[in-house]
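In terms of full-length UniProt numbering, the sequence shown opens at residue 1 and continues consecutively.
Positions of the beta carbon are idealized from the N, C-alpha and C atoms, including for glycine.
These notes are about the structure you will find just below.
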Amino acid sequence: MSVPDSGPRPPAAPAPFPPGPPMMPPPFMPPPGIPPPFPPMGLPPMSQRPPAIPPMPPGIMPPMLPPMGAPPPLTQIPGMVPPMLPGMLMPAVPVTAATAPGADTASSAVAGTGPPRALWSEHVAPDGRVYYYNADDKQSVWEKPSVLKSKAELLLSQCPWKEYKSDTGKPYYYNNQSKESRWTRPKDLDDLEALVKQEAAGKQPQPQILQPQPPQPQPEPPPGPPGPTPMPLGLLEPEPGGSEDCDTSEAAQPVEQGFLQQPEEGPSSAAGQHQPPQQEEEESKPEPERSGLSWSNREKAKQAFKELLRDKAVPSNASWEQAMKMVVTDPRYSALPKLSEKKQAFNAYKAQREKEEKEEARLRAKEAKQTLQHFLEQHERMTSTTRYRRAEQTFGELEVWAVVPERDRKEVYDDVLFFLAKKEKEQAKQLRRRNIQALKSILDGMSSVNFQTTWSQAQQYLMDNPSFAQDHQLQNMDKEDALICFEEHIRALEREEEEERERARLRERRQQRKNREAFQTFLDELHETGQLHSMSTWMELYPAVSTDVRFANMLGQPGSTPLDLFKFYVEELKARFHDEKKIIKDILKDRGFCVEVNTAFEDFAHVISFDKRAAALDAGNIKLTFNSLLEKAEAREREREKEEARRMRRREAAFRSMLRQAVPALELGTAWEEVRERFVCDSAFEQITLESERIRLFREFLQVLETECQHLHTKGRKHGRKGKKHHRKRSHSPSFPDLRASGAQRTCALTCIC
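Next comes the structure, spelled out in structure tokens:
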């Protein structure tokens with residue numbers, strides 16, 4: 001079923017042809033059925049545009065005309081079998097399997113079930129290339145269809161030997177079955193080509209070159225076996241803007257399908273191909289079925305195509321044709337089904353490869369600079385003061401100098417000068433450190449140099465030293481550094497001397513401490529024997545202490561003297577008094593012993609000694625405790641006596657009160673025996689147990705009574721004279737004694753009156 005024409009086709013209209021070669025504007029010829037208009041400026045009107053092309057199967061691009069001024073698009077060849085790895089076969093695909101539905105003329109011709117081979121017609125493009133037009137599916141191809149090939153051409157296409165060209169253009173031959181490569185031409189290939197030439201010479205086919213007109217139908221050829229169609233080289237166009245144009249005659253020649261190999265071929269059959277083979281005509285002879293490669297997704301397919309370009313070492317400045325010559329025979333070429341995707345991946349690869357090449361060039365330049373820098377840094381004639389002109393005269397003829405550009409050389413030269421200056425400075429520092437260390441070693445080994453040695457003396461000693469005299473670098477040492485080194489050595493000797501003195505002082509202080517500890521031990525021994533206690537005095541203990549050697553060792557040393565240690569020891573014993581006193585009281589309490597005023601110390605000590613706790617007690621503290629307890633006993637006795645005296649005074653006061661209150665009142669001349677019976681039953685009389693005390697108190701009472709009577713008599717006379725004066729003034733009544741007076745006073749008063 002053919003595509004319907006959009007209008008009448010004028011007679012003698014040539015068939016449309018595939019896109020032209022690179023950098024050549026495509027001829028503005030209409031598709032089949034469209035009259036050829038004059039090429040307009042810009043896009044043609046809608047009424048004159050080609051009709052819509054029926055949808056194509058997946059992976060096949062329909063033929064289309066490019067816009068004005070744009071390079072011709074790279075279209076997929078109708079009926080092209082996708083490339084595959086050797087050894088992975090796929091069933092034979094009809095030639096026009098990729099065309100629109102109904103346009104199956106070529107495939108039918110090959111299979112023997114479609115229209116005749118006369119549907120294909122041969123034409124010549126304006127550039128002189130031959131192309132083929134199918135009147136049924138309205139498609140044009142550069143490659144000669146299999147239905148038009150002779151038997152010899154089909155046999156030639158099935159020959160395992162293929163011709164390729166190396167990078168230098170020299171042809172070589174590769175057998176895709178035995179994986180063999182050779183430079184000499186195989187005999188089988190010569191025989192097949194001779195057969196093709198013989199057949200061409202015998203038949204003398206005349207190509208039908210027509211003017212633009214619809215193709216005439218031809219009788220259908222007998223059905224033939226299906227076979228793959230090789231890809232024309234003319235359809236493999238470079239990317240837009242390519243810098244190289246392929247030759248028209250070379251572009252018109254088909255490319256051998258090197259990737260259509262026998263089933264036993266492996267992927268390595270095409271891996272070694274670096275250039276596409278030369279064009280060879282094939283005959284319509286069926287090949288074994290092959291299986292194609294498959295990728296899980298489009299990204300992996302694109303990556304496989306890029307890896308193919310990388311494996312073939314396609315440079316970044318290669319054109320599309322040059323790249324295709326290098327990769328078209330590899331099975332990975334068919335990873336991307338669309339030619340536009342191949343070009344897109346190729347452009348991406350070129351951009352990436354360009355970056356990589358720039359990076360490689362940068363790395364090479366960097367390596368060259370590093371090599372030059374390392375060379376200059378290690379060369380003995382380069383110093384930090386070498387001029388660039390002198391370096392150029394010295395190293396200008398060397399390759400390591402010439403490969404680096406002038407600008408980079410100057411940068412390297414500056415870096416080398418900086419490095420050498422730093423290196424020389426570091427070497428000078430190392431030499432200085434070495435000389436200082438050597439001089440220190442020599443000074444350390446000279447026993448004649450001490451902390452009191454002067455610089456002039458040290459110089460004389462150094463000149464006499466063989467190690468210093470034989471070391472020329474050390475003799476050329478900076479004088480200031482030598483003086484600093486000597487000064488540090490003298491300071492080190494001074495520190496050693498000071499450390500030795502300090503060690504001697506430490507030893508002396510240690511000995512003094514040992515002497516004090518020994519004397520302290522001696523005091524402990526005296527305390528254990530009872531000679532030293534808390535009540536001991538230095539004068540008492542000196543005769544026993546002065547005869548011991550430990551006392552003599554203490555004499556003359558600074559710090560605490562033997563007397564100080566003795567006092568400290570006694571103070572410590574006295575500080576234990578309160579604790580030991582409690583222990584002694586506990587012992588006395590347990591023993592039921594009480595210290596009285598008349599208790600002897602021997603009895604006290606005898607009671608204490610029976611307790612085991614007394615072993616740790618100080619004898620002086622025991623004596624002090626006894627004295628303390630004895631003082632307390634005496635205090636208690638004095639308090640008892642005072643209390644007894646108070647009670648006696650109270651009794652005496654009660655007895656006097658009894659005598660004073662006696663009725664009738666006692667007179668001055670009364671005897672004790674006369675009145676004793678009157679007071680026997682009184683409690684105050686009984687409280688005074690001693691009769692002598694009663695008599696004494698009675699006599700004292702009479703004396704007091706007598707004294708009071710005398711006093712009262714004297715007072716009464718004075719009072720009487722004063723009373724008379726009062727009576728004369730106030731009253732004339734007679735004067736009487738005060739009735740409120742006490743009984744004794746009244747008795748005394750009555751006696752006086754009588």
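Cβ pair residue i, residue j closer than 8 Å
{"i": "SER534", "j": "VAL570", "result": "yes"}
{"i": "PHE419", "j": "GLU377", "result": "yes"}
{"i": "ARG656", "j": "LEU697", "result": "yes"}
{"i": "GLU644", "j": "LEU668", "result": "no"}
{"i": "PHE577", "j": "ASP548", "result": "no"}
{"i": "PHE568", "j": "PHE519", "result": "no"}
Spatial distance of residue i from residue j (CA atoms)
{"i": "VAL404", "j": "PRO315", "result": "24 Å"}
{"i": "GLU691", "j": "TRP672", "result": "11 Å"}
{"i": "ASN134", "j": "LYS144", "result": "11 Å"}
{"i": "TYR174", "j": "SER166", "result": "12 Å"}
{"i": "ILE490", "j": "VAL449", "result": "8 Å"}
{"i": "ASP188", "j": "GLU359", "result": "47 Å"}
{"i": "PRO543", "j": "ARG516", "result": "19 Å"}
{"i": "ALA361", "j": "GLN430", "result": "40 Å"}
{"i": "VAL130", "j": "GLN139", "result": "14 Å"}
{"i": "ALA600", "j": "LYS632", "result": "14 Å"}
{"i": "ALA428", "j": "GLN557", "result": "58 Å"}
{"i": "LYS585", "j": "GLU652", "result": "41 Å"}
{"i": "PRO562", "j": "LEU555", "result": "8 Å"}
{"i": "ASP611", "j": "HIS527", "result": "19 Å"}
{"i": "PRO160", "j": "GLN177", "result": "6 Å"}
{"i": "SER269", "j": "LYS179", "result": "With a pLDDT of only 37 at SER269, under 50, the local geometry of the prediction cannot be trusted, and the value read off the model is given with reservation. If I take the Cα positions, the gap works out to 6 Å."}
{"i": "ARG613", "j": "GLY592", "result": "16 Å"}
{"i": "LEU493", "j": "PHE451", "result": "5 Å"}
{"i": "ASP414", "j": "SER384", "result": "10 Å"}
{"i": "GLU500", "j": "PHE626", "result": "57 Å"}
Neighbourhood of residue i by C-beta distance below 8 Å, restricted to the same chain and skipping five residues each side
{"i": "MET382", "result": "LEU376, ALA391, VAL416, LEU420"}
{"i": "THR371", "result": "VAL400"}
Segment limits, beta strand (DSSP E) that includes residue i
{"i": "residue 755", "result": "Any question about residue 755 goes unanswered here, given that the chain covers just 1 to 754."}
{"i": "ARG182", "result": "180-182"}
{"i": "LYS165", "result": "161-165"}
{"i": "TYR173", "result": "171-175"}
{"i": "TYR413", "result": "Counting along the chain, TYR413 falls outside any beta strand (DSSP E), though it belongs to the alpha helix (DSSP H) covering 406-445."}
Simplified DSSP assignment, three categories, for residue i
{"i": "SER628", "result": "helix"}
{"i": "SER121", "result": "strand"}
{"i": "ASN134", "result": "strand"}
{"i": "GLU673", "result": "helix"}
{"i": "LEU376", "result": "helix"}
{"i": "GLU321", "result": "helix"}
{"i": "HIS472", "result": "helix"}
{"i": "LEU89", "result": "In this prediction, LEU89 scores a pLDDT of 34, lower than 50, which makes its location untrustworthy; the coordinate-derived value is nonetheless stated afterwards. Correct three-state label for LEU89: strand."}
{"i": "ARG129", "result": "coil"}
{"i": "ASN347", "result": "helix"}
{"i": "PHE568", "result": "helix"}
{"i": "ARG656", "result": "helix"}
{"i": "LEU617", "result": "coil"}
{"i": "ASP190", "result": "helix"}
Neighbourhood of residue i by C-beta distance below 7 Å, restricted to the same chain and skipping five residues each side
{"i": "ASN297", "result": "none"}
{"i": "GLY620", "result": "HIS533, SER534, MET535, SER536, LEU573"}
Endpoints, the alpha helix (DSSP H) within which residue i is located
{"i": "ARG501", "result": "479-529"}
{"i": "HIS606", "result": "601-609"}
{"i": "VAL461", "result": "With the sequence shown as reference, residue 461 is identified as Tyr, and Val is not the correct amino acid for it. Run containing TYR461: 455-464, per the alpha helix (DSSP H) assignment."}
{"i": "MET539", "result": "538-545"}
{"i": "residue 755", "result": "Absent from the model: residue 755. The displayed extent of the chain is 1 to 754, so no value can be given."}
{"i": "GLU399", "result": "399-402"}
{"i": "LEU666", "result": "Per DSSP, LEU666 belongs to no alpha helix (DSSP H) and is neither H nor E."}
{"i": "PHE577", "result": "577-591"}
{"i": "GLN687", "result": "683-687"}
{"i": "PHE305", "result": "298-311"}
{"i": "PRO151", "result": "Note that residue 151 is Lys in the sequence shown, not Pro. That run of the alpha helix (DSSP H) goes 151-157."}
{"i": "ARG389", "result": "388-395"}
Own chain, CB closer than 6 Å to residue i, minus 5 neighbours either side, in chain order
{"i": "LYS312", "result": "MET326, VAL327"}
{"i": "ASP618", "result": "HIS533, SER534, LEU573"}
{"i": "ARG49", "result": "Summary for ARG49: the model assigns pLDDT 41, below 50, so the residue's position carries little reliability; its value from the coordinates is reported in the next sentence. Contacts found: none."}
Min CB distance residue i to chain E below 8 Å
{"i": "GLU540", "result": "The chain inventory of the structure shown lacks chain E, comprising one protein chain alone."}
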